[in-house]
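Residue numbers (this note's numbering): 99 to 539.
I have placed the structure first, in the form of structure tokens, so that the comments after it can refer back to it.
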Ligand code: SAJ
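Shown next as structure tokens:
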């Protein structure tokens, strides 16, 4: 056996032992809703974990045991920090002392719907600057198939180290669902694919120390594509039911009743529900990473583009519903007071990212309506350059029309029906109420 082969076996062997004995020093780059829970799981498993983030405020709060991620209570974070199992820093030179690195940074879309890879590139540049033999690097940020092999690998290979022998490189999609009471980082199956089989095995071994179920796949591209399939599946099916809602609206059919009845089929069907549009930082964005990549290969991802168009039209559909409902009441949108119930992108969270409520409010304002809103999760928001502050739910009683955009559980729907003159319900939140004043999507 050549000296190089002997050396590479030694490198893999050493890292494997460190991981198995939980002596491997774990690094997590990006301490957001993905990175911080991952850091906590490895610290809980007995590893010494270093969180690295560019935000000094995040670092301060982590080191103070003061969690800013809803799924991680202070009672979990605090003891891990106090015991020295988890510490955070903005200093990437910490990588010199680390054995494994998970990169969990954002992958937004530019306005042109092209992937913004700047966060991944910046993080990889910092890791590469302090890179050394014997490391396992895993990219977790959602991205187009090929990113790990085509973008990350060359940046690390510049060190002259050989992937699969001197270091190990994988992709593993994040599947965190913030606020999910049943599925959290430890018990969500973890897909991982490596640049080489040895990389995949190292990634499998690593995750197996802290997570309940690991799913190794044959390559980084498969792992990258798994995530995109999962979220494209949702986006397209939401687009399907949104189109069905428009069809049923024109045919005078209750789309909600149709979906509920279809959902009684015990196999081969999965219910999705129409709404005011598609919000969040995953579903409206991830599929366009796939369509951007396929377009490079001359293949048009027509389902994705069409679903994106249909979902993007829903705020306009809602505003037309409001205009027609006011018209029935003999009122123009112009100078009407319209009260929005719920502005976050989905129920029971405070996240406004890509929220269709913002589109609905802007479109109504541009048609001359006076807009107020209630949302127990969102105290203020910016709209067309101005700032709006949440009003009490009783404001609905003063409005010419109320629009339920996000169906938070905290709302008092019975009181809302009682006090409102006219309600456009985009979420079927009032399915148990019968009243002429309720207009459903
Ligand atoms: N929406 C509909 N109709 C539906 C479902 C959702 O209009 O039937 C809307 C929501 O109101 C929201 C948007 O789509 O505006 C996205 O909703 P989502 O339920 O998909 O929630 P997200 O964006 O938090 O998606 C995350 C994803 N998790 C990850 O990417 C790791 C997604 O894969 C999960 O399936 C989803 O959570 C979940 O199931 O909660």
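By construction, the Cβ of each residue, glycine as well, lies at the ideal position given by its N, Cα and C atoms.
**Request:** Please confirm whether any heavy atom of the ligand SAJ lies closer than 8 Å to the CB of residue 178.
**Result:** no
**Prompt:** Taking 9 Å as the CB-CB limit, is residue 181 close to chain C?
**Reply:** Among the chains of the structure shown, chain C does not appear; only one protein chain is present.
**Request:** Could you spell out where the beta strand (DSSP E) holding residue 157 opens and where it closes?
**Result:** No beta strand (DSSP E) contains residue 157, which is instead part of the alpha helix (DSSP H) from 154-161.
**Prompt:** Does the ligand SAJ have even one heavy atom less than 8 Å from the beta-carbon of residue 44?
**Reply:** No information on residue 44 is available, as it lies outside the stretch 99 to 539 that the chain covers here.
**Request:** Check whether the Cβ of residue 313 sits closer than 8 Å to any heavy atom of the ligand SAJ, and report yes or no.
**Result:** Checking the 8 Å criterion, the Cβ of residue 313 is out of range of every heavy atom belonging to the ligand SAJ.
**Request:** Could you tell me the boundaries of the beta strand (DSSP E) in which residue 345 lies?
**Result:** Not the beta strand (DSSP E): residue 345 falls in the alpha helix (DSSP H), residues 318-349.
**Message:** According to DSSP, simplified to helix, strand and coil, what is residue 132?
**Reply:** Residue 132: coil per DSSP, three-state reduction.
**Request:** Report the rounded CA-to-CA distance for residue 483 versus residue 192, giving the unit in angstroms.
**Result:** 41 Å
**Asked** residue 386 by DSSP, collapsed to three states: which one?
**Response** Here residue 386 sits in helix by DSSP.
**Cβ-Cβ separation, residue 187 to residue 234 (assumed contact under 8 Å), whole Å** = Between residue 187 and residue 234 the Cβ distance is about 20 Å, and since that is not below 8 Å, they are no contact.
**Prompt:** Would the beta-carbon of residue 329 be found less than 8 Å away from any heavy atom of the ligand SAJ?
**Reply:** yes
**Request:** Go through its chain and collect everything with a Cβ distance to residue 442's Cβ below 7 Å, but skip five positions before and after it.
**Result:** 448, 449, 450, 453, 473, 475, 476, 504
**Request:** Look at the Cβ atom of residue 202, then the Cβ atom of residue 272, and state whether they are nearer than 9 Å.
**Result:** yes
**Message:** Quick check: the segment 319-327 against the segment 264-281, are at least 3 beta-carbon pairs closer than 8 Å?
**Reply:** yes
**Request:** List in chain order: all unbroken beta strand (DSSP E) runs of 3+ residues lying wholly within the segment 444-518.
**Result:** 468-472, 478-481, 484-487, 499-502
**Residue closest to residue 384, alpha-carbon to alpha-carbon, out of 136, 213, 137** = 213
**Request:** Quick one: measure Cβ to Cβ for residue 357 and residue 371, integer angstroms, because I've assumed they're closer than 8 Å.
**Result:** Right, their Cβ atoms sit about 6 Å apart.
**Request:** Give me the Cβ distance between residue 204 and residue 167, rounded to the nearest whole Å; I'm assuming they're in contact under 8 Å.
**Result:** Incorrect: roughly 14 Å between the Cβ atoms, too far for contact.
**Prompt:** What three-state label does DSSP hand residue 244 in the structure shown?
**Reply:** coil
**Message:** Is it buried or exposed, residue 389, if we count other Cβ atoms within 10 angstroms and call 16 or more buried?
**Reply:** buried
**Message:** Please report the distance separating the alpha-carbon of residue 355 from that of residue 522.
**Reply:** Answer to the nearest angstrom: the Cα atoms are 17 Å apart.
**Request:** Put residue 288 into one of helix, strand or coil per three-state DSSP.
**Result:** In this structure, residue 288 counts as strand in the three-state DSSP scheme.
**Request:** Kindly confirm or deny that the segment 327-344 and the segment 275-286 touch, where touching means at least three C-beta pairs closer than 8 Å.
**Result:** no
**Prompt:** Buried or exposed: which applies to residue 439, given that a residue is buried once 16 or more other Cβ atoms fall within 10 Å of its Cβ?
**Reply:** buried
**Prompt:** Which one or two residues does DSSP pair with residue 439 in a beta bridge?
**Reply:** 472, 502
**Message:** Distance check for residue 432 and residue 420, CA to CA, integer angstroms please.
**Reply:** 12 Å
**Prompt:** How about residue 444: is its Cβ closer than 8 Å to a heavy atom in the ligand SAJ?
**Reply:** yes
**Asked** Which full runs of the beta strand (DSSP E) of 3+ residues lie inside the segment 249-301, going along the chain?
**Response** 266-269, 288-292
**Where residue 108 sits in the DSSP three-state scheme** = helix
**Asked** In chain order, what residues of the same chain lie with their CB nearer than 8 Å to the CB of residue 550, ignoring the 5 residues before and after it?
**Response** No statement about residue 550 is possible, as the shown extent of the chain runs from 99 to 539 and does not include it.
**Among 112, 458, 196, 251, the one whose alpha carbon lies nearest that of residue 481** = 458
**Prompt:** From the DSSP output, which residues share a beta bridge with residue 126?
**Reply:** According to DSSP, residue 126 bridges with 149, 200.
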